[in-house]
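Residue numbers (this note's numbering), protein chains in the order written: chain A, 38 to 328; chain B, 38 to 328; chain C, 38 to 328; chain D, 38 to 328; chain E, 38 to 328; chain F, 38 to 328.
Protein chains: 6
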Amino acid sequence: MTALPVSSTEWKEWPGRRSSQVQAILRLALEEDIGRGDVTSEATVPADSVARAELWQKAGGVVCGLPLVREIYAALDPGVTVQLLVPEGSWGERRVVAAVSGPARSVLSGERTAVNFVQRLSGIATASRRAAEAVAGTGLTVLDTRKTTPGLRVLEKYAVRTGGCRNHRAGLDDGVLIKENHIRAAGGITAAVRAARSRVSPLTRIEVEVTTLRELDEAVAAGADLVLYDNGSISDLQAAVARAAGRVPLEASGGITLADLPAVARTGVTYVSLGALTHSAGVLDFSLEVQ
Amino acid sequence: MTALPVSSTEWKEWPGRRSSQVQAILRLALEEDIGRGDVTSEATVPADSVARAELWQKAGGVVCGLPLVREIYAALDPGVTVQLLVPEGSWGERRVVAAVSGPARSVLSGERTAVNFVQRLSGIATASRRAAEAVAGTGLTVLDTRKTTPGLRVLEKYAVRTGGCRNHRAGLDDGVLIKENHIRAAGGITAAVRAARSRVSPLTRIEVEVTTLRELDEAVAAGADLVLYDNGSISDLQAAVARAAGRVPLEASGGITLADLPAVARTGVTYVSLGALTHSAGVLDFSLEVQ
Amino acid sequence: MTALPVSSTEWKEWPGRRSSQVQAILRLALEEDIGRGDVTSEATVPADSVARAELWQKAGGVVCGLPLVREIYAALDPGVTVQLLVPEGSWGERRVVAAVSGPARSVLSGERTAVNFVQRLSGIATASRRAAEAVAGTGLTVLDTRKTTPGLRVLEKYAVRTGGCRNHRAGLDDGVLIKENHIRAAGGITAAVRAARSRVSPLTRIEVEVTTLRELDEAVAAGADLVLYDNGSISDLQAAVARAAGRVPLEASGGITLADLPAVARTGVTYVSLGALTHSAGVLDFSLEVQ
Amino acid sequence: MTALPVSSTEWKEWPGRRSSQVQAILRLALEEDIGRGDVTSEATVPADSVARAELWQKAGGVVCGLPLVREIYAALDPGVTVQLLVPEGSWGERRVVAAVSGPARSVLSGERTAVNFVQRLSGIATASRRAAEAVAGTGLTVLDTRKTTPGLRVLEKYAVRTGGCRNHRAGLDDGVLIKENHIRAAGGITAAVRAARSRVSPLTRIEVEVTTLRELDEAVAAGADLVLYDNGSISDLQAAVARAAGRVPLEASGGITLADLPAVARTGVTYVSLGALTHSAGVLDFSLEVQ
Amino acid sequence: MTALPVSSTEWKEWPGRRSSQVQAILRLALEEDIGRGDVTSEATVPADSVARAELWQKAGGVVCGLPLVREIYAALDPGVTVQLLVPEGSWGERRVVAAVSGPARSVLSGERTAVNFVQRLSGIATASRRAAEAVAGTGLTVLDTRKTTPGLRVLEKYAVRTGGCRNHRAGLDDGVLIKENHIRAAGGITAAVRAARSRVSPLTRIEVEVTTLRELDEAVAAGADLVLYDNGSISDLQAAVARAAGRVPLEASGGITLADLPAVARTGVTYVSLGALTHSAGVLDFSLEVQ
Amino acid sequence: MTALPVSSTEWKEWPGRRSSQVQAILRLALEEDIGRGDVTSEATVPADSVARAELWQKAGGVVCGLPLVREIYAALDPGVTVQLLVPEGSWGERRVVAAVSGPARSVLSGERTAVNFVQRLSGIATASRRAAEAVAGTGLTVLDTRKTTPGLRVLEKYAVRTGGCRNHRAGLDDGVLIKENHIRAAGGITAAVRAARSRVSPLTRIEVEVTTLRELDEAVAAGADLVLYDNGSISDLQAAVARAAGRVPLEASGGITLADLPAVARTGVTYVSLGALTHSAGVLDFSLEVQ
């Protein structure tokens, strides 16, 4: 597997520091694990004992979430030092990705929370990397969806970018996607697009979800900026691209797997969105090993 | 697959109402999805339009998280009514599990958050049901671990119970589990157990993680209440059970899969803990369909 | 002044209930005014005394913020009833807009907070109405900016809509507006637009701020969705519209007043944004009168 | 306009650090503007680019809120340095009041929030300075009211002091002001004052609002510490001062403008309170210019 | 012990509903006791079991905090009903003061939190009642201090009032009390009083703490509204009253006990403040008995 | 009174840094005392004045809470330095336990909050020391209960440990204690213990409260890990120890005082729990003296 062009400065694009949502989930994760205190470490590890631990990646994949390890330990104990040893977003097999040093109790207390975050985000980044490689050079862009783990939206979308795919909208306030129910409520595609256009910020695009070529035509005529063709077969998508004729970019969505991507790319759609990038990526194995 | 004895009153054991952690993750999930508002629904759906939607389970498994659907909509709009149509924790294939009625905008705005929770918790409950069935009648109890999704600990442990398995400790404050690093820091198993015994609440048990029979002996002699045999083969576990000779219950842990459970059960250990119950359960497919 | 078509259902579009930011500013406002308690009312008004008060609009303008009066009193005392007597967003001169009934202490304690919100939001809605009327029938759309009162962004943008104008982006996460500093950092307009296009969600438009026709050309060529012509004179704007030639909509901004709007409209730009709508609208006089 | 004696140590009297309300509004302001991230800066400005920007005051007035600029950037990014270049509370025309240096993305992301606070607080400080100058040497003290922007009470009252006026009570818990409704509920001025005296802390004064000389007499007789003469004409105020005869200080209030202050001062009242200091001060123009 | 005139409407003066501090301590108390759930009740009490419990007062004293019982159960489970059976603030010996009915698990889960609050507040109310009776008819008013339990200030000051004493200032923002350190920093009593007078709200009184008659004279001359004579003997206080000669009310403070109150009353001081009312009142015994 | 073996490293076991509950009560305590600001210090102490103060212990006892003094001042003003001069948990009579240096206003503003915490926690630590000494060498362990001050649970239990006693469970989620009401609801001791055993974590012990020897037998037979003998006389306890015959440890509880401890120890029970350790310990006198 060859490296994709994810720059090491991606690291600096870590959303955590300024994001109140990252801060909130971090606090919640520490509270739920540590609660009233790590009774085992407090009872068995001398208060002045120090330790150095290594965070090991134990399977092939893209590491993601390293800056969070630093934030977790900073929140637990400012006396702990975290060194990040590989670039965030880099691919590796079995390797040490970070080193954690300081008071032994604190090093141990943060272990599970740190690993729980990193294994999940790295799982998503790895799945994203695989998807990005599957479409490399084809002109197709792979997007995520809003099918993310509750509370982890900002982090999981960061993992998708870290893996080399791109983000669809971040939430319901961040773009218009008119689906079947909106269309029915508004009285048709044309009415829905016009209502949206007359109300949303001029910086917001409008996408319409369709399942037929007739709906595609109506969406384009109504001025949609983007059309999502839902649950289309490969030949449906080909037909849709032909009918759109460059008037509007198309997004394919619905039940598409990694294996389908090359065929989807050949249809000529511009975007494909995969819920599985976030909801079914699985975890990548990591462990913190004290030395 | 036959029904396991998960009573319908499990429903009333939903931890959400009183749990500040459930309230926190619920609020966070709604904020991250809805942000400044659902611009699509506000623009295309008339304010006085009403809708009824059905929450469909679309694959075989145990439904879990239904009370959360009610809480999500209550937080969004008190005008929305949620009817739960099947018992929480029941097994089904393709079926309607809940109905949501009220202002159409609100019904649509809560869709993704509700489905994101239910699909994940039901995935865990289903995996737990499979594990519980695999050991039914054997005397082996399947436990979860602390390898849960950050922020969702309370909910995921509830899903494990709903599926028919049991919970290991909830957090670091909720039981003593002495691992290799603690042992080294304390100067041996005996010292570690004694230190713990002299400090923790009389209502807290002490478990020691071992990897050899010699360590097992030392743990038992030191007064451990429970011994975790880590990464043992089936024959290791058999030997450990023989050596423990009923003096202390044993827990098997480390890389055990669903397929291994019958063999593990035959070794005679009392508990087995599976990280995969929570970190690799996958999602169970659900969708909210407006009528 | 004739009524503009602001429907009475705008009322139902009140963002308060679901918005954590509205809830936060509401709580903050009550805390800062009431603190440890309304010592005057508690000392002088019998606990069982009841009162009815009227919220009077005392000058011509558009009332805005009435649903907030209901939320303020609900937060203070569920025993207080608030009746809204005129449509949110309606124009009036001297009139009663709401009635507040219940325990006299509570009616008095909420007075100042309620009036402080309504007078400010009504001031903005009134200024927006004047701007909307100034461009009625011309095809020019008046937008707000991010020059809002800290903490009141969601409410002030709601007041702008209530008055009949439209909202530009809600925050820095909600659209791309490339200004001079971004252009310099990116190495030119073309580089900046391409960098943005390659990263942001497909549902996000890209606007470029320019001050010359050459920059306008470059922005259009680079694929900007919208061009903001900053601080242009009327003739600059005319020239820009001619040069854009329909390839991209134009937004005028910078030092434009209500009196300038007809002339701006005649230039043919699509949007004009006015910081003064929010930062200099002034308050509309209201008072709560107990009967 | 000559400088009033606002010491540069006023700076150290900045209430922000210890005030949970200042911290709350600051957090709210950053969240509402930055939300999920500054997508424009993240997309167009290299992560390692640095910048220096100057905060320009662009019109004559009193600068106020500079310490907040420092707190805003500290919250955003500890790598940003803020230098305050003029004394908080000083009068100036066109000048640089602060310099902001550090990572370019962070410098740009904080711009709007910083300017939004400073322009509003400086507007209030400037209006307060004008009022303080209008009464300089007369013995009349100008006070603010509780007619402040919701959520900004502590900051706006600080701006009033920075401009050279003084604060009336901070909230309903911070002094007794008996108005018409309280008097009616208590059964008269005498009863109301006695009820208040018997309940409030010995460190709290009692003020009574009156509109006639008879009420003034009753308030004084009942033991009011201060009397507010509401909506009185200049001759009413003269009569009230004569009748009070030094037994109690008088406060004039109600519809008084800057232009009225010299005449009010000549009546001999001790205090005058102006709602317009906070609710109608307007903004003072500032901008952040990157170099 | 005869009843003092604490009206049953005191009940309605309960500060809880509107006070963010009461809400915060209530939430904190429930979280610290219930944490992740009441495992005993959940394991042993059927989900549909209902119970009725009585809150018994088991020693002579003034009951205080009953409205809090209602709020605690409302927060835990809206299905629980709480009836208050005696007036808040009434004196009793052994009696039932409230009844709690509803789901048995919830009734049991809230028991400890409810009793912990009521026993402490009733202890303070009872001590206050004893102090109030000791000075009844003497003209001396007993005040509390800021020596309260951290986090319970608002509640403990309410208990003091419920018992029949009065409150000194609620916090550092709520009145000026110039002590020795302030005097030294300001350069003398006169300078300190003048500095305070020139800055604080006209609704705030200024008290000066003195330990000699010379300081008393200076404080009065400087315009103090109130003088606290610290750690004075009975004869010191007599001398101070004589010297003050009615020019200013005096407060006695420092090491005064319940037994000293009659003698203090005879000195003619207006106020006496007792830290022991809150920090050493002890608890009054209560228990919740399920039937 | 001779020193008990409380190591000076107990200091490092301070729960504050990582505990969200300690942070919450600390913030609440500062907010309730300082509110909108320390008006006296701001008015009378120059902003650039510095001070050094000593925290004096004024009576014999165990000091507890010193790390909190540091946290309080860190929260107030990072410019303040706090030196801890004696070991946390050490016994002393009249002595200086800490020194506080920095801006005089901040030193003064934090005084009351710091002293309020330390006097209460030191009172509890001192009572615990007395209890620990009363049982030294006897094999009896003294435990606390959940009868703590609302909001201070974590801190008060820390004070109990600091004084040399041990903690019973921290909350309802942290151990099973089956009392009479649970037994009745479950249908007997045996049913209750079995229900609990089948549900709680294998790391949680089960304690049963009994009042007769027959119940004791049933609890032991049902598999209780621990038995609490409630309200037993000394001879009851002796009989219970004889009957338990080492099968299970016994805890004595209910109305036991310091004076009873030697007799209780002689009965041979393993644990005794004293509510009075926390709810009736009284305060130990401290004061902050500025130099």
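Even for Gly, the Cβ is constructed at its ideal location relative to N, Cα and C.
Item to complete: Could you spell out where the alpha helix (DSSP H) holding F/Ser238 opens and where it closes?
Response: F/Ser238 -> no alpha helix (DSSP H), and no H or E assigned at all.
Practice prompt. State yes or no: is the beta carbon of F/Ala207 nearer than 8 angstroms to at least one beta carbon in chain A?
Written response: yes
Worksheet item: With distances taken from CA atoms, which of B/Asn268, B/Arg234 and B/Ala279 is nearest B/Ala289?
Response: B/Asn268
Item to complete: Identify, in the order they occur along the chain, each residue of the same chain with its Cβ nearer than 8 angstroms to the Cβ of D/Arg149, setting aside the five sequence neighbours on each side.
Response: Asp70
Fill in: Within chain A, partners of D/Gly201 - CB distance below 9 angstroms
Here the premise fails: no neighbours, minimum Cβ distance about 37 angstroms.
Discussion item. Does the CB of F/Asp211 have a neighbour CB from chain E at under 8 angstroms?
Written reply: yes
Item to complete: Would you mind sorting C/Glu326 into buried or exposed? The rule is 16 or more other CB atoms within 10 Å of its CB.
Response: exposed
Practice prompt. May I ask which residues mark the beginning and end of the alpha helix (DSSP H) holding D/Thr227?
Written response: Ile226 to Arg234
Item to complete: For A/Arg336, return the contacting residues in chain F, with the cut-off set at a CB-CB distance below 8 angstroms.
Response: For residue 336 of chain A there is no data in the structure shown, the boundaries of chain A being 38 and 328.
Worksheet item: Counting only beta-carbon atoms, is B/Thr227 nearer than 8 angstroms to chain A?
Response: no
Worksheet item: Closest by CA to B/Asp322, which one among B/Val213, B/Gln156 and B/Leu121?
Response: B/Gln156
Worksheet item: Using a C-beta cutoff of 8 angstroms, does D/Asn268 count as contacting chain C?
Response: no
Worksheet item: Measuring CB to CB, does B/Val172 end up less than 8 angstroms from B/Ala302?
Response: yes
Worksheet item: Can you name, in chain order, every residue of its own chain whose Cβ lies under 8 angstroms from the Cβ of C/Gly225, other than the five neighbours on each side?
Response: Glu255
Worksheet item: Counting pairs of beta carbons, one from the segment 83-97 of chain D and one from the segment 131-138 of chain D, are three or more of them closer than 8 angstroms?
Response: yes
Item to complete: For F/Glu68, go through chain D and note every residue whose CB falls closer than 9 angstroms to its CB, in chain order.
Response: Ser57
Fill in: Interface partners of E/Tyr308 on chain D, CB under 7 angstroms
Pro239
Item to complete: Within the same chain, show all residues whose beta-carbon is closer than 8 angstroms to that of E/Leu65, passing over the 5 residues directly before and after it, in chain order.
Response: Gly188
Fill in: Residues that E/Leu263 contacts on chain D, provided the C-beta gap is smaller than 9 angstroms
Pro239 and Leu240
Worksheet item: Can we say the segment 73-89 of chain C touches the segment 307-323 of chain C, given the rule of at least three CB pairs closer than 8 angstroms?
Response: no
Worksheet item: Is any beta-carbon of chain C found at less than 8 angstroms from that of D/Asn204?
Response: no
Item to complete: Say whether chain A places a C-beta atom closer than 8 angstroms to the C-beta of D/Ser324.
Response: no
Worksheet item: Which value, in whole angstroms, describes the spacing of the CA atoms of E/Asp262 and F/Asp210?
Response: 53 angstroms
Practice prompt. Mind checking which residues open and close the alpha helix (DSSP H) that includes A/Ser159?
Written response: Ala141 to Ala171
Item to complete: Would you list, in chain order, the members of the segment 173-185 of chain A that have their beta-carbon closer than 8 angstroms to a beta-carbon of chain B?
Response: Arg183, Lys184 and Thr185
Practice prompt. Express the C-alpha separation of C/Ser57 and B/Leu240 in angstroms, rounding to a whole number.
Written response: 41 angstroms
Practice prompt. Consult DSSP for B/Gln328 and reduce its assignment to one of helix, strand or coil.
Written response: coil
Worksheet entry | Euclidean distance between Cα positions of D/Leu311 and F/Ala164 | 57 angstroms
Discussion item. Cutting at 7 angstroms between CB atoms, please list the residues of its own chain near F/Gln120, excluding the five before and the five after it.
Written reply: Ala135 and Ala136
Worksheet entry | Collapsed DSSP secondary structure at C/Lys95 in the structure displayed | strand
Worksheet item: Enumerated in chain order, which unbroken segments of the alpha helix (DSSP H) with a length of 4 residues or greater are wholly contained in the segment 171-228 of chain A?
Response: 190-200 and 217-223
Item to complete: Kindly list the residues whose CB is nearer than 8 angstroms to the CB of B/Arg242, restricted to its own chain and excluding five residues on each side of it in sequence; keep chain order.
Response: Gly212, Val213, Asp262 and Leu263
Worksheet item: Using a Cβ-Cβ distance under 8 angstroms, would F/Val134 count as near chain E?
Response: no
Worksheet item: What's the C-alpha gap between F/Ser159 and E/Ala141?
Response: 38 angstroms
Practice prompt. Return no unless some Cβ of chain E is closer than 8 angstroms to the Cβ of F/Gln94.
Written response: no
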